[in-house]
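Engineer: Residue numbers (the working numbering), protein chains in the order written: chain P, 2 to 273; chain V, 2 to 273; chain U, 2 to 273; chain B, 2 to 273.
4 protein chains.
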Amino acid sequence: MQVETRPVSIAGLRFGGPEFVVIAGPCAIESLAQFSTVARAVKSSGAAMLRGGIYKLRTDPRSFQGLGSAAFDIVRKVRDETGLPIVSELTDPRQVAELYDVVDVFQIGARNMHNYSLLKEVAATRKPTLLKRGISAKVEEWLLAAEYLCAEGNNNVILCERGIRTFESVTRNTLDLSAVSYVKHNSRFPVIVDPSHGVGVPELIGPMCLAAAACGADGLILEVHHCPERALSDAQQALTPEEFGEIIEKLRPVLSAVKRSLAMPPAYCAAS
Amino acid sequence: MQVETRPVSIAGLRFGGPEFVVIAGPCAIESLAQFSTVARAVKSSGAAMLRGGIYKLRTDPRSFQGLGSAAFDIVRKVRDETGLPIVSELTDPRQVAELYDVVDVFQIGARNMHNYSLLKEVAATRKPTLLKRGISAKVEEWLLAAEYLCAEGNNNVILCERGIRTFESVTRNTLDLSAVSYVKHNSRFPVIVDPSHGVGVPELIGPMCLAAAACGADGLILEVHHCPERALSDAQQALTPEEFGEIIEKLRPVLSAVKRSLAMPPAYCAAS
Amino acid sequence: MQVETRPVSIAGLRFGGPEFVVIAGPCAIESLAQFSTVARAVKSSGAAMLRGGIYKLRTDPRSFQGLGSAAFDIVRKVRDETGLPIVSELTDPRQVAELYDVVDVFQIGARNMHNYSLLKEVAATRKPTLLKRGISAKVEEWLLAAEYLCAEGNNNVILCERGIRTFESVTRNTLDLSAVSYVKHNSRFPVIVDPSHGVGVPELIGPMCLAAAACGADGLILEVHHCPERALSDAQQALTPEEFGEIIEKLRPVLSAVKRSLAMPPAYCAAS
Amino acid sequence: MQVETRPVSIAGLRFGGPEFVVIAGPCAIESLAQFSTVARAVKSSGAAMLRGGIYKLRTDPRSFQGLGSAAFDIVRKVRDETGLPIVSELTDPRQVAELYDVVDVFQIGARNMHNYSLLKEVAATRKPTLLKRGISAKVEEWLLAAEYLCAEGNNNVILCERGIRTFESVTRNTLDLSAVSYVKHNSRFPVIVDPSHGVGVPELIGPMCLAAAACGADGLILEVHHCPERALSDAQQALTPEEFGEIIEKLRPVLSAVKRSLAMPPAYCAAS
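#1: Taking three-plus beta-carbon pairs below 8 Å as touching, is the segment 231-244 of chain B in contact with the segment 12-31 of chain B?
#2: What are the residues of the segment 127-146 of chain U that lie near chain B, defined by any Cβ-Cβ distance shorter than 8 Å?
#3: Quick one: using the 10 Å Cβ neighbour count with 16 as the cut-off for buried, is Lys185 of chain U buried or exposed?
#4: Among residues of its own chain, excluding the 5 on either side of Arg127 of chain U, which ones have a beta-carbon nearer than 6 Å to its beta-carbon?
#5: Could you tell me whether the segment 167-181 of chain V touches the segment 160-177 of chain U, using the rule of 3 or more Cβ pairs below 8 Å?
#6: Inspect the beta-carbon positions of Val88 of chain B and Ala49 of chain B and report whether they are closer than 8 Å.
#7: Just by C-beta distance, which residues in the segment 159-176 of chain U are closer than 7 Å to chain V?
#8: Identify whether Leu221 of chain B lies in helix, strand or coil by the three-state DSSP scheme.
#9: So which residues of chain V does Glu5 of chain P contact, with C-beta pairs closer than 9 Å?
#10: Is DSSP giving Phe36 of chain V helix, strand or coil here?
#11: Let me confirm a value: Gly53 of chain U is counted as buried when at least 16 other C-beta atoms fall within 10 Å, else exposed. Which label applies?
#12: If you follow the alpha helix (DSSP H) that Ser89 of chain V is in, where does it begin and where does it stop?
#13: Using the beta-carbon of each residue, which ones in chain P are nearer than 9 Å to Val194 of chain V?
#14: Hey, is the segment 13-22 of chain B in contact with the segment 33-44 of chain B, meaning 3+ C-beta pairs nearer than 8 Å?
#15: Return the first residue and the last residue of the beta strand (DSSP E) that Cys161 of chain V is part of.
#16: Per DSSP, Lys133 of chain V forms a beta bridge with which residues?
#17: When burial is assigned at 16 or more other CB atoms within 10 Å of the CB, is Pro196 of chain P buried or exposed?
#18: Based on the DSSP output, what are the partners of Met50 of chain B in its beta bridges?
#19: Return no unless some Cβ of chain V is closer than 8 Å to the Cβ of Gly217 of chain P.
#20: Please confirm whether Glu148 of chain V has its beta-carbon closer than 8 Å to some beta-carbon of chain B.
#21: So, is the C-beta of Ala189 of chain V closer than 8 Å to a C-beta in chain B?
#22: According to DSSP, is Leu58 of chain V part of a helix, a strand, or is it coil?
#23: Of all Cβ atoms in chain U, is any one closer than 8 Å to the Cβ of Ala212 of chain B?
#24: Out of P:His227, P:Ala71, P:Ala34 and P:Ser257, point me to the one whose CA is closest to Glu99 of chain P's CA.
#25: Using 8 Å as the threshold, is the segment 108-121 of chain U in touch with the segment 138-151 of chain U, meaning 3 or more CB pairs across them?
#26: Per DSSP, what kind of secondary structure is Phe107 of chain U in: helix, strand or coil?
#27: Please determine, among B:Cys161, B:Leu223 and B:His115, the residue with the shortest C-alpha to C-alpha distance to Thr92 of chain B.
#28: Would you check if the distance between the CB atom of Thr188 of chain B and the CB atom of Val4 of chain B is smaller than 8 Å?
#29: Ala215 of chain B and Ala215 of chain U look like a contact to me (Cβ under 8 Å); what is the Cβ gap, rounded to whole Å?
#30: List, from N- to C-terminal side, the alpha helix (DSSP H) runs of 4 residues or more that fit wholly inside the segment 178-204 of chain B.
#31: So what does Arg253 of chain B bridge to, in DSSP terms?
#32: Among the residues of its own chain, which have a CB less than 7 Å from the CB of Thr175 of chain B, if the five just before and after it don't count?
#33: Just curious, the beta strand (DSSP E) that Ser118 of chain U is in, first and last residue?
#34: Would you please verify whether the beta carbon of Pro208 of chain P is less than 8 Å from any beta carbon of chain V?
#35: Taking Thr83 of chain P as the reference, which of P:Ala138, P:Leu51 and P:Gly69 has the closest Cα?
#36: Helix, strand or coil for Ile248 of chain U, going by three-state DSSP, please let me know.
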């Protein structure tokens, strides 16, 4: 018997209800032109929410670390322009206050799932939060990390499976869809899937999107860039807007088959 | 660009074509009554082929090791009765000759994927063979093991993803559906999925069946027992015939969504 | 050809030179009586430095989280009493300033190895830092995290292997001593070993201490509690002072065999 | 409290007693000249037993598969010449009879640890057997595989740790020395270590040999080739005879430190 999911609402969107929410956007926000171009493209194909990195956690200290506060105005403009809510990652507890009014959803990245100082700080705001599974986190540890976010009475937690580290190397990580199904059966959190980081190979992302929808995930988060080969981070796994559009078209009948439908952009509902 | 799959035909069934083949049956054949009961039940729900262990590989030497040659007559009777082809596992090169006329498809189990003596012996027969992925085999090693089977001009190889060993423990193994998609894009072998061993938790098997169908697998192999709690092996992960039937009903619309259909039992096609 | 290690000096102790430094103490500081008792015991057996958790990262939000700032005075008193330098973990960039004068060495725990905000903040202080390997960090990622600490000209970085997450479950983690040897051959950082977290089973800690010394590690960090069964955290893996003393006695001839010796407590050298 | 090891005697050598046995030789026997050259070199440096592959299990069907029965005479000549017993791997139950008189110890390789047909056949001979741990075998599974060998009253079982598969890639596998210590504390089987396969990097093999001796292993098995770059298999990890000799010299004082000594070649004891 599956536990009933407690939906989380964000700016007119509902995660964990009958609608399936697709979040899309670039790995990192690079410029207004780039973020706006990608945002408009993914909205026209079916994305209902945007992603875009402001502060990036990079393994190598010499890699591009994100625009930081220089991206705040870009985020505001693109949100106004598209009407789509935006999720972005926090990497430091001191960013909580400054990002609070900039983004609609806080993201806790895989590398910070165990960063309990950050989780406590975020929990205190009660702002909707997307909690990625750590790269080597057991499901039970992931659910306990979610408890940190709920400790202050915050129920606005969405989980995100993004692949675990295993011995396999043809994919960047091993996407653990059985964990998605386990979470749906054993917790009340909505759960979405990130096949971009999960597999890291563009041609495998589409099939994993369909699989995620079929097994009961509540949505997807995908990296899209209008010119992947020029992306400043994660270039090798970004989809083009065309590839993204094709995936969405294949996704619609699978969602119908499991009695769900693609969430519309909130601007569509509200006359904004 | 996906590599075109080279279908494998077995007694009127085709793996790797537009039809999706479901294989079902008990982990181990325990008696004529048991195998016949399960076989008729799964056929009536949509299985097009049977599975049933004759020789079992067991981690603990005190566990039930299968009926061995005492199961040969049972297999022949149930095949005659249902008209369904049967796959069963070989665990020793000396079983090749004796099982050749008993089963329709040889199975190489996960623990024998690297047993190259066995692979060479099987290859020489050119009989259709189901090659399970080793519990810690990289995809490239799995494809090389398939090359052992092809070395004698045998093209009748079907791959089977059955979960890999990781740190996660809420599931028995971690079912690697991205490997299924990788194999479809990079090799010509049909590939099916074994969610029973892959996740080992009955309530998660159904969602993984739908996910496998959605991401492009060519079929499924499932453990079904008419009375799981009395099964002599893998009791904890066997589906009841009712649960199996419900999964098949949910599978049909997902297959339609990806433009495939459930393969009919061959007895249905041939007027046998 | 092994790369020459660049030693790190701390209050009269040298990591990475011919002397082998043993750090010991409780997982968490619980009270002045507890920390003082353990500190005196481990000093008398051969520890040259103390460990003791002030801020604890706990998987479960309901677990004991450490005394926090209430431990500062305890740390100062025990340092004065024993003359031993102290290492303790930082879990939040905002703790850098307050802990700067309390401890001699900052520890970055395994769960924070990827917390680059914290690493940057710590690097700016140039204070000696013990960087634990993340539970699923590849060696190359660990060395890149060390580069974050070196970015501000800080050369005072000591690495610590503490076990990686694998499928094995008879030990808490899998202690990767070949990584210790790899780091000695390919980087200039001193590297020590934490068998307490690495194996998590008291009877296996001693053999792993000897193995670490034999393969070239520059020291050890061990959890010791005068009454393990009453410890507020990691009770199951703490050594008693007696067990700790026995390990040190077995360690001495192994160190001689590899032409090293046990570092004396600095108070022994300096007449303090 | 450590379980007392039940020693296994082979041609005058004792595994699991106070003496530490070093087995060395090439990955594969390539010719009489090659095997004899390597055998004499390793004997003169301190090896008390020889290894040499007759039948090789290779991932790629196009790789060199060993000389097979053409190596039998070579083995007999080198055994006569050096007086050293020889261990070699069985890969098929049909090799048991033919290898019975050729080698002194049967080896079950990592890929066959789960090949229970082979284990049963070997057990029936009661010949001394070296059982390698499977690349992804949990320790409890390894001990159960040893039970298969003991099922026929065969007590002549020696275990061998040879590295497990993890996410780490700077080493070929992750050598799990804590498993060695666990087995010494919890079973009666002698256990040796194979650092050649465990780490696969020549410069790390020596440190791992010392670590194995320090933590209580009963011996080592090492790949040595007089000309590694021309070896037909495992060329990248073979030691030269000179490197092997240097490791043995470093090993002696570590063995003394743990109150053990290097086993002499049996020809030394017996006046042969």
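For glycine and all other residues, C-beta sits at the position ideal for the given N, C-alpha and C.
Structural biologist: For this structure:
#1: yes
#2: Ser137, Lys139, Val140 and Glu141
#3: buried
#4: Asn155
#5: yes
#6: no
#7: Arg166, Thr167 and Phe168
#8: strand
#9: Under the 9 Å cutoff, chain V gives no residues; its nearest Cβ is about 15 Å from Glu5 of chain P.
#10: helix
#11: buried
#12: Careful: Ser89 of chain V lies outside any alpha helix (DSSP H), inside the beta strand (DSSP E) at Ile87 to Leu91.
#13: Going along chain P, no residue has its Cβ under 9 Å from Val194 of chain V, so there is no contact; the nearest lies around 10 Å.
#14: no
#15: Val158 to Glu162
#16: V:Cys161
#17: buried
#18: B:Ile24
#19: yes
#20: yes
#21: It should be noted that the sequence gives Arg, not Ala, for residue 189 of chain V. No - not a single Cβ of chain B is within 8 Å of the one on Arg189 of chain V.
#22: coil
#23: yes
#24: P:Ala71
#25: yes
#26: strand
#27: B:His115
#28: The amino acid at residue 188 of chain B is misidentified as Thr; the sequence shows Ser. In contact: Ser188 of chain B and Val4 of chain B (Cβ atoms closer than 8 Å).
#29: 4 Å
#30: 178-187 and 196-200
#31: Per DSSP, none; premise fails for Arg253 of chain B.
#32: Gly164, Ile165, Thr167 and Glu169
#33: Not the beta strand (DSSP E): Ser118 of chain U falls in the alpha helix (DSSP H), residues Tyr117 to Thr126.
#34: yes
#35: P:Leu51
#36: helix
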